[in-house]
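Converting from the sequence shown to the numbering used here requires adding 34 to each position, the first position being numbered 1. Virtual Cβ for every residue (Gly too), placed ideally from N, Cα, C.
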Amino acid sequence: MEFNEVIDGISLEDVIEAYYDCRHNKRNTINQLEFEVDYERNCIELWHELNERRYEPRRSIAFVVNRPVKREIFAADFRDRVVHHLIARRIYPLLEKQFLTDSYSTQKGKGTLFGVKRVEQHIKECSQNYTRDCWIMKLDIQGFFMSIDKNILYQDIVNFLIGRYKGYDIDLLFYMIRQTIYNRPELNCIRKMPKEAWKGLPTNKSLFGTDGLHGLPIGNLTSQLLALLYLDPLDHLISEEWFFPYYGRYVDDMVIVDESKERLLELRKKIDNWLKGHGMTLHPKKTYLQHCAKGVRFVGSVIKPGRKYIAARTMGNFIRKVYRQNELAESKQGLSRKEVFHYVAMVNSYMGMMLHYQSGRHFRRFLSRISPSWYRYTIIVKRGRRVKLVARRQQKSAAPQTQYSLTA
Numbered sequence: 035m036e037f038n039e040v041i042d043g044i045s046l047e048d049v050i051e052a053y054y055d056c057r058h059n060k061r062n063t064i065n066q067l068e069f070e071v072d073y074e075r076n077c078i079e080l081w082h083e084l085n086e087r088r089y090e091p092r093r094s095i096a097f098v099v100n101r102p103v104k105r106e107i108f109a110a111d112f113r114d115r116v117v118h119h120l121i122a123r124r125i126y127p128l129l130e131k132q133f134l135t136d137s138y139s140t141q142k143g144k145g146t147l148f149g150v151k152r153v154e155q156h157i158k159e160c161s162q163n164y165t166r167d168c169w170i171m172k173l174d175i176q177g178f179f180m181s182i183d184k185n186i187l188y189q190d191i192v193n194f195l196i197g198r199y200k201g202y203d204i205d206l207l208f209y210m211i212r213q214t215i216y217n218r219p220e221l222n223c224i225r226k227m228p229k230e231a232w233k234g235l236p237t238n239k240s241l242f243g244t245d246g247l248h249g250l251p252i253g254n255l256t257s258q259l260l261a262l263l264y265l266d267p268l269d270h271l272i273s274e275e276w277f278f279p280y281y282g283r284y285v286d287d288m289v290i291v292d293e294s295k296e297r298l299l300e301l302r303k304k305i306d307n308w309l310k311g312h313g314m315t316l317h318p319k320k321t322y323l324q325h326c327a328k329g330v331r332f333v334g335s336v337i338k339p340g341r342k343y344i345a346a347r348t349m350g351n352f353i354r355k356v357y358r359q360n361e362l363a364e365s366k367q368g369l370s371r372k373e374v375f376h377y378v379a380m381v382n383s384y385m386g387m388m389l390h391y392q393s394g395r396h397f398r399r400f401l402s403r404i405s406p407s408w409y410r411y412t413i414i415v416k417r418g419r420r421v422k423l424v425a426r427r428q429q430k431s432a433a434p435q436t437q438y439s440l441t442a
């Protein structure tokens, strides 16, 4: 078979493009570096395995993170991530057209900040800029990723693609999706941490507690996209058939705004019934229903009348990361350009996010936590309300610690 010859399959060029997509976000990881040493041969080998239906996912690395909440992560082998990108390149344009505007996450331009602004807009419109009573209901699905039924999910994606996907490789696409959905990484994974690290993690939040027919690994691109599709029918029901236009969802966090408290309570029953039919249930302790004047917490933000804040827990995560970087700067005599630029990018990302919130107090607190050791390598530049950290060209003399504040 010639390198770009395809017989109801994919070309080598497809695999290489997916490799470059994958490498863009995973530079310098051990898996990526091992693959890149001889990436042409590895891409050719993967190309043959896929077209000949011999592809089998390799071992994942399992670990637990404790921030912002305790969660189990499975990091797929790099070559499996290439396959995930192959799948995403084919299904994402179709899914993007299918999803509601208010289905956030894992989509270009539809991250947490987009979701916060949309929910804020919903509240303003429903309350006529806080001049009329309305209510906000927030719901959360218990153990969402571990509750996903693989059979239902696979049939959903197959039904969705038939008639929509026009590619010549649809049978191979179904094969890749099937191998990915039904893979059980928990049976043959490498634990990056001792088993004690899983202590305290609820069974419904771990693949190790599933029956093999339920649950997707958190950490895979395909898991994020397919999880959005799994709840897409519910999105359309709520918004279009049950007539709740002020609705938004970020993965499994749902926010609905309405003039009637009673209508929202009735909606909660409908949503719970739909979820039970799909093997899921609402979290009994994470249902909030309150007047719009009291605001709502959503994806790391607190939305109040006429203003929004970064949630204290989110801000705490920012500062903890700064402290870890402070230890690096204080423990080494000299930092590499890579370390400096990584730090500059991280700090500027956080400060840029704060610009979208009433965050003057948080901003001053954040800057005050930067160790003076970093000012040997960086300097703060202020232009109007915009403040950013830049790397020094000459990293010889230390600079005084300068602090600027944003207006609240």
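Length at least 4, wholly inside the region 228-314: the alpha helix (DSSP H) runs in chain order: 255-264, 266-270 and 295-310
Length at least 4, wholly inside the region 332-392: the alpha helix (DSSP H) runs in chain order: 346-365 and 371-388
DSSP state of residue 181 mapped onto helix, strand, coil: DSSP places residue 181 in helix when its eight states are reduced to three.
Straight-line gap, residue 50 to residue 116 (C-alpha atoms, nearest Å): 9 Å
Residue 270 versus 259, 283, 260 and 258, residue with shortest Cα-Cα distance: 283
Range of the contiguous beta strand (DSSP E) that encloses residue 169: 169-174
For residue 325: DSSP bridge partner residues: 169
Nearest to residue 184 (by Cα), restricted to the options 248, 302 and 55: In terms of Cα proximity to residue 184, the closest of 248, 302 and 55 is 248.
Residue from 91, 368, 394 and 244 with nearest C-alpha to residue 222: 91
Limits of the unbroken alpha helix (DSSP H) element including residue 134: No alpha helix (DSSP H) holds residue 134; DSSP gives it neither H nor E.
Stretch pair the region 168-186 + the region 324-337: three plus CB contacts closer than 8 Å: yes
Any 3 or more C-beta pairs closer than 8 Å across the region 364-372 and the region 127-134: Contact between the region 364-372 and the region 127-134 is absent, because fewer than three Cβ pairs lie under 8 Å.
Buried versus exposed call for residue 106 [16 or more other C-beta atoms within 10 Å across all chains shown]: buried
Continuous alpha helix (DSSP H) stretch holding residue 211: start and end: 204-215
Of the listed residues 122, 227 and 304, nearest to residue 315 (C-alpha basis): 304
Backbone secondary structure at residue 420 - three-state DSSP: strand
Rounded straight-line distance, which links the Cα of residue 119 to that of residue 52: Straight-line spacing of the CA atoms in residue 52 and residue 119 works out to 5 Å.
Inter-residue Cα distance where the pair is residue 136 and residue 167: 23 Å
Neighbour-count burial assignment, residue 1, 16 or more Cβ in a 10 Å radius: Because the chain here runs from 35 to 442, residue 1 falls outside it and cannot be looked at.
Residue 218, DSSP secondary structure in three states: coil
Whole-angstrom distance between residue 400 and residue 420, CA atom to CA atom: 15 Å
Simplified DSSP assignment, three categories, for residue 48: helix
Alpha carbon of residue 44 to alpha carbon of residue 214, nearest angstrom: 17 Å
Residue burial classification, residue 260 (beta-carbon count within 10 angstroms, cutoff 16): buried
Near the ligand FMN: residue 260 beta-carbon under 6 Å from a heavy atom: The model depicted lacks the ligand FMN and carries no ligand whatsoever.
According to DSSP, residues forming a beta bridge with residue 107: 97
Contacting residues, own chain, Cβ-Cβ under 8 Å from residue 178 (five flanking each side not counted): 261, 285, 286 and 314
Backbone CA spacing between residue 408 and residue 100 [nearest angstrom]: 27 Å
Assigned exposure category for residue 197 - 16 Cβ within 10 Å defines buried: exposed
Span of the alpha helix (DSSP H) around residue 83: 73-85
Proximity below 7 Å, CB of residue 360 to CB of residue 402: no
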